[in-house]
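Participant: First, the structure itself, so that you have it in front of you.
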Amino acid sequence: MQSLDQPVLSSRGERKQKDIWRNRRKRCGAFLTRPYCCYFSVATGIIALILLSSLLAAIVLLVLLALTTEITTTTTTTTTTTTATTTTTATTTATDTTTATATTTATDTTTTTPSTACPPSPVGTLATLTNSNPVAWARYSYSYVATTTEPVLRFGIDGVSEECIFLDNVSVVDVLNSSIELLDNPGFENSTTSLTGWVTWCSSTCGSGSAGAIHSGSDCRSSGNCFRGQCRSNGMDFLGQTFSATIGHTYNISFWFQQVRLSSGGGAINLYVDIV
Numbered sequence: 001m002q003s004l005d006q007p008v009l010s011s012r013g014e015r016k017q018k019d020i021w022r023n024r025r026k027r028c029g030a031f032l033t034r035p036y037c038c039y040f041s042v043a044t045g046i047i048a049l050i051l052l053s054s055l056l057a058a059i060v061l062l063v064l065l066a067l068t069t070e071i072t073t074t075t076t077t078t079t080t081t082t083t084a085t086t087t088t089t090a091t092t093t094a095t096d097t098t099t100a101t102a103t104t105t106a107t108d109t110t111t112t113t114p115s116t117a118c119p120p121s122p123v124g125t126l127a128t129l130t131n132s133n134p135v136a137w138a139r140y141s142y143s144y145v146a147t148t149t150e151p152v153l154r155f156g157i158d159g160v161s162e163e164c165i166f167l168d169n170v171s172v173v174d175v176l177n178s179s180i181e182l183l184d185n186p187g188f189e190n191s192t193t194s195l196t197g198w199v200t201w202c203s204s205t206c207g208s209g210s211a212g213a214i215h216s217g218s219d220c221r222s223s224g225n226c227f228r229g230q231c232r233s234n235g236m237d238f239l240g241q242t243f244s245a246t247i248g249h250t251y252n253i254s255f256w257f258q259q260v261r262l263s264s265g266g267g268a269i270n271l272y273v274d275i276v
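For what it's worth, full-length UniProt numbering labels the leading residue of the sequence shown as 1, then goes sequentially.
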């Protein structure tokens, strides 16, 4: 009895059809006799392939997720790592500089000696004191405007036998700086038997024992020394000292003067004061 699922064929066609089915059974299995058995097998393969592809895709996805998780973990670890760097710089600069400079200045001071011409002239250009009677100690003061850098203060004594004079505490100061004394040994205290800082001349014109000289004792203004002058016998002797000045500056010239009578009678004694 012929199956309803099989077509009715001629003998030749039947054999051909049988060969086809035989080949199909070989491919699909002997138990499958239906025409669509191979379609089922192919579908199963496709499904298996799809499942396999899905499995592979899932595996790849899991691997990617694992890698992503690892990268994320690594990044997080790197981000949350705190690096603290402390740099300490200590700079100490010590400079010890010692400069020693020794300067030695040698000053050669030259004192100008007043002119000692006998007799010098003029005389009395600053002041002239003429007295025939005793004069107690008194201070005399004069002003002088410098016209040279090395002026000379000069005293001239023209005396008589009956009178003599005493000089003490002579002074020359610049009115702009009156605390600086410009004379050397102004009170004659640094002198003993000879004068220091002062010059005398023309003593040979005086009578015996009457030339000007250092004196000490009660006749002086204060205890110590002073200068005594007389120069009798129509002579005249001089006492002088050079001092430093600035041209145009005003200077105060002062001294203490006393005249003493030695005997009665006689004439007047003259004291001439000059800046030359």
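Cβ coordinates follow ideal geometry from the N, Cα and C atoms, glycine included. Here the structure is a predicted model, which is why all the values come from computation and not from measurement.
Strictly by DSSP, which residues pair up with Ala138?
Facilitator: Phe257
Participant: Which same chain residues end up closer than 6 Å to Ala57 when comparing Cβ atoms and leaving out the 5 residues on each side of it in sequence?
Facilitator: none
Participant: Taking residue 303 as the reference, give the member of Pro186, Val160, Ile157, Ser263 with the closest Cα.
Facilitator: Any answer about residue 303 is impossible in this case: the structure gives the chain only from 1 up to 276.
Participant: Taking DSSP's pairing of strands, which residues face His215 in a bridge?
Facilitator: Cys226
Participant: Opposite Phe166 in the DSSP bridges: which residues?
Facilitator: Paired residue(s): Arg228, Gln258.
Participant: Nearest to Leu153 by CA position, among Ser143, Ser208, Gly207, is which residue?
Facilitator: Relative to Leu153, the option among Ser143, Ser208, Gly207 whose CA is nearest is Ser143.
Participant: For Gln230, which residues of its own chain have a beta-carbon under 6 Å away from its beta-carbon, when the five flanking residues on both sides are left out?
Facilitator: Gly159, Cys164, Ser210
Participant: Determine which residues share a DSSP beta bridge with Ile59 and list them.
Facilitator: None; Ile59 has no bridge partner.
Participant: According to DSSP, is Gly265 part of a helix, a strand, or is it coil?
Facilitator: Gly265 falls in the coil class under three-state DSSP.
Participant: Taking DSSP as the reference, what is the three-state secondary structure of Cys37?
Facilitator: Because the pLDDT of Cys37 is 49, which lies under 50, any placement of that residue in the model is unreliable, and the number read from its coordinates should be weighed accordingly. In this structure, Cys37 counts as helix in the three-state DSSP scheme.
Participant: Grab the span of the beta strand (DSSP E) containing Asp237 for me, first residue to last.
Facilitator: 237–242
Participant: Run the CB neighbour count on Asp184, radius 10 Å, all protein chains shown included, and call it buried at 16 or more, exposed below.
Facilitator: Exposed, since its Cβ has fewer than 16 Cβ neighbours within 10 Å.
Participant: Provide the residue(s) that pair with Gly156 in DSSP beta bridges, ordered along the chain.
Facilitator: Gly156 pairs with Phe238, Tyr272.
Participant: Put Leu129 into one of helix, strand or coil per three-state DSSP.
Facilitator: strand
Participant: Is it true that the region 123–131 meets the region 190–202, where meeting means three or more beta-carbon pairs spaced less than 8 Å apart?
Facilitator: no
Participant: Kindly list the residues whose CB is nearer than 7 Å to the CB of Ser254, restricted to its own chain and excluding five residues on each side of it in sequence; keep chain order.
Facilitator: Same-chain partners within the cutoff: Arg139, Tyr140, Ser141, Ser171.
Participant: Inspect the beta-carbon positions of Gln241 and Val135 and report whether they are closer than 8 Å.
Facilitator: no
Participant: Please tell me whether residue 308 and Phe155 are closer than 8 Å, where the distance is taken between their beta carbons.
Facilitator: Not covered by the structure: residue 308. The range shown for the chain is 1 to 276.
Participant: Give me the residue from Thr149, Tyr251, Thr44 with the minimum Cα distance to Ser178.
Facilitator: Tyr251
Participant: I'd like to confirm the pairing. Which residues does DSSP put opposite Ser171 in its beta bridges?
Facilitator: For Ser171, which the question treats as bridged, DSSP gives the partners Ser254.
Participant: Looking at Cys206: is its Cβ nearer than 8 Å to the Cβ of Arg232?
Facilitator: yes
Participant: When DSSP builds the beta bridges, which residues end up paired with Thr200?
Facilitator: Under DSSP, the beta-bridge partners assigned to Thr200 are Leu239.
Participant: Roughly how many angstroms separate the alpha carbons of Leu65 and Gln17, rounded to a whole number?
Facilitator: 55 Å
Participant: Check the C-beta distance from Cys118 over to Phe166 and give it rounded, since I have them as a contact under 8 Å.
Facilitator: Actually they do not touch by this definition, with Cβ atoms about 23 Å apart.
Participant: Taking C-beta to C-beta, are Ile275 and Thr149 nearer than 8 Å?
Facilitator: no
Participant: Who are the Cβ neighbours of Asp219 in its own chain at under 8 Å, not counting the five residues just before and after it?
Facilitator: Phe166, Cys226, Arg228, Gln258, Val260
Participant: Among the residues of its own chain, which have a CB less than 6 Å from the CB of Gly124, if the five just before and after it don't count?
Facilitator: Tyr272
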